[in-house]
Amino acid sequence: MAVYWVGDVQGCDAPLGRLLERVDFSASRDTLVVLGDLVNRGPASAPVLRRLMAMGNAVQCVLGNHDLHLLAVAAGAGRLKPMDTLDGILQAVDRPALLDWLRHQRMAIWGHGVLSVHAGVLPSWTLDQTLALAAEVESLLRGPDLSDFLHQMYGNAPAAWQEDLVGVDRLRVVVNALTRLRFCSAQGVMEFAAKEGADAAPAGFMPWFDVPGRQTADVTVAFGHWSTLGQLPRHDVWAMDSGCVWGGCLSAMRLDAKGQREMIQVKCEQAQKPG
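Going letter by letter, the sequence shown gives residues 49 to 323 in my numbering.
So this is what it looks like as structure tokens:
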């Protein structure tokens with residue numbers, strides 16, 4: 049029995065299949081946690097979703113910004129971008145089932161001693177608060193008001209969390225933190241333009257996991273989203289996006305029944321330019 053945390057798949061079904069085969073993954077024995085951006089930019093987004101759906105309760109997924117973008121486009125709340133590769137889902141016969149499964153996934157998962165998110169956690173949020181705020185978005189995703197929110201989801205403001213936020217502003221901050229965050233200030237103000245590595249932080253900002261006094265500093269956090277970050281030489285944060293869709297690797301962190309960890313990677317053939 050083992051648990052595997054896998055970084056951004058982004059529609060790269062063939063590498064995902066090779067990774068699962070390499071670790072001899074068994075849905076009856078093992079657990080797979082996918083850290084968001086299941087779809088888009090790669091050549092086989094629909095097969096990725098079908099593969100994960102077929103694994104039933106053995107797979108748990110958090111949603112990333114590309115996954116929410118798919119839901120928005122499908123609802124008429126967003127437009128396809130030039131590099132998007134979502135037509136395979138949008139034109140699929142089983143489109144309703146694929147989208148319904150996707151919107152029933154999570155925004156944050158706590159399990160096996162690890163907090164799993166797509167992008168990051170604001171420094172003022174505790175573990176319990178992160179899960180509670182994620183649950184607010186999850187409830188909306190699964191409910192009748194999803195389309196209304198998707199039409200208002202895009203935007204960079206508010207850029208910081210405040211306890212008295214309500215409505216769309218509250219939900220947007222939660223979504224942006226969990227699916228888009230890389231850099232923020234010591235006060236938790238988010239910055240969304242910079243996409244390079246940790247040493248390229250804009251003035252006044254730092255990687256979210258380096259903010260002094262971060263309330264989840266005593267929690268192991270697994271995340272994706274940041275393909276330019278590289279592997280971090282530390283145990284409290286697992287950076288799992290190794291740029292599969294850009295011709296890098298698809299990475300998995302294996303945690304066995306004895307608590308031993310191992311990083312496993314397979315090479316990916318996809319070679320788009322980051323954008």
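Just so you know, even glycine gets a beta-carbon here, dropped at the ideal spot from N, CA and C. Given the structure is predicted, the values throughout are model-derived calculations rather than measurements.
If you drop the 5 nearest sequence neighbours on each side, which residues of the same chain put their C-beta closer than 8 Å to that of residue i?
i	result
residue 184	218, 219 and 222
residue 99	61, 64 and 65
residue 92	59, 60, 61, 62 and 136
Terminal residues of the continuous beta strand (DSSP E) containing residue i?
i	result
residue 309	309-315
residue 300	297-304
residue 82	79-82
residue 50	50-54
residue 141	It is not in any beta strand (DSSP E) - residue 141 carries neither H nor E in the DSSP assignment.
residue 57	That residue, residue 57, is in no beta strand (DSSP E); it is neither H nor E in DSSP.
residue 107	107-109
Does the distance from the CB of residue i to the CB of residue j come in under 8 Å?
i	j	result
residue 113	residue 228	yes
residue 199	residue 122	no
residue 110	residue 187	no
residue 204	residue 253	no
residue 169	residue 269	yes
residue 261	residue 192	no
residue 89	residue 293	yes
Identify, in the order they occur along the chain, each residue of the same chain with its Cβ nearer than 6 Å to the Cβ of residue i, setting aside the five sequence neighbours on each side.
i	result
residue 108	81 and 157
residue 289	55, 56, 272, 273, 274 and 275
residue 280	287
residue 75	103 and 106
DSSP three-state label for residue i, please.
i	result
residue 162	strand
residue 149	helix
residue 201	coil
residue 66	helix
residue 99	helix
Beta-carbon within less than 7 Å of residue i's beta-carbon, same chain only, minus the 5 sequence neighbours each way: which residues are those?
i	result
residue 115	84, 85, 86, 87 and 150
residue 303	50, 51, 160 and 309
residue 175	158, 163, 264 and 267
residue 179	156 and 158
residue 140	94 and 146
What first and last residue would you give for the alpha helix (DSSP H) that runs through residue i?
i	result
residue 121	113-122
residue 177	175-190
### Message
Give the list of continuous beta strand (DSSP E) stretches no shorter than 3 residues that lie fully inside the region 212-294.
### Response
Listed in chain order, the complete beta strand (DSSP E) runs (minimum 3 residues) inside the region 212-294 are 268-271 and 285-287.
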